[in-house]
Amino acid sequence: MSSDRMKPRSGDWAVMTDFLQEAAITLSSGSSVTCRIESDDEYDSELDDFIDDGPEETEDYSKHIREIFGYDKSKYNDFDEDDECMESNFGQVLKEEFNSAKIGIMEDLEDIKMEQMEKRKKMMKKKKLK
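Numbering (numbering that gives the first Met the number 0), first residue to last: 0 to 129.
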């Protein structure tokens, strides 16, 4: 396929410009120009028999779930108890950090002891099998 087919010929441009100039003159003189534009509604008319354009009947699933579990949203509208404790000073933060570090170290020591006990049990089993 040659690239010459894709290029417009110089005569085509002349015809196009003449048409556009005539259209501009016609529009400037005030005469009306009617164009027919096909709409998608006309094209899709045969599809109307199986498309339901009526109002959608959507059920409120949240309502049914609330009924099942007995959840009442209005009970919790003014419940901001957790927000009351959101402010703390430097001393409280340090105390919490200290407690967290202490608990973490205790858990680590407990894990180390458990691992050592498991190793001893495995060693005892190996000695018994020999």
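Backbone N, C-alpha and C define an ideal beta-carbon position, used for all residues, glycine too.
What you are looking at is a predicted structure, and each value in this text was computed from that prediction instead of being measured.
| Check | Outcome |
| --- | --- |
| Cβ pair Lys72, Arg65 closer than 9 Å | yes |
| Between the CA atoms of Val92 and Met85 - distance to the nearest angstrom | 11 Å |
| Phe89 versus Phe97: straight-line alpha-carbon distance, rounded | 12 Å |
| Residue range of the alpha helix (DSSP H) that includes Asp87 | Sequence inspection shows Ser at residue 87; the Asp mentioned does not correspond to that position. Premise fails: Ser87 is in no alpha helix (DSSP H) and is neither H nor E. |
| Tyr70 to Leu108 span [Cα, whole Å] | 44 Å |
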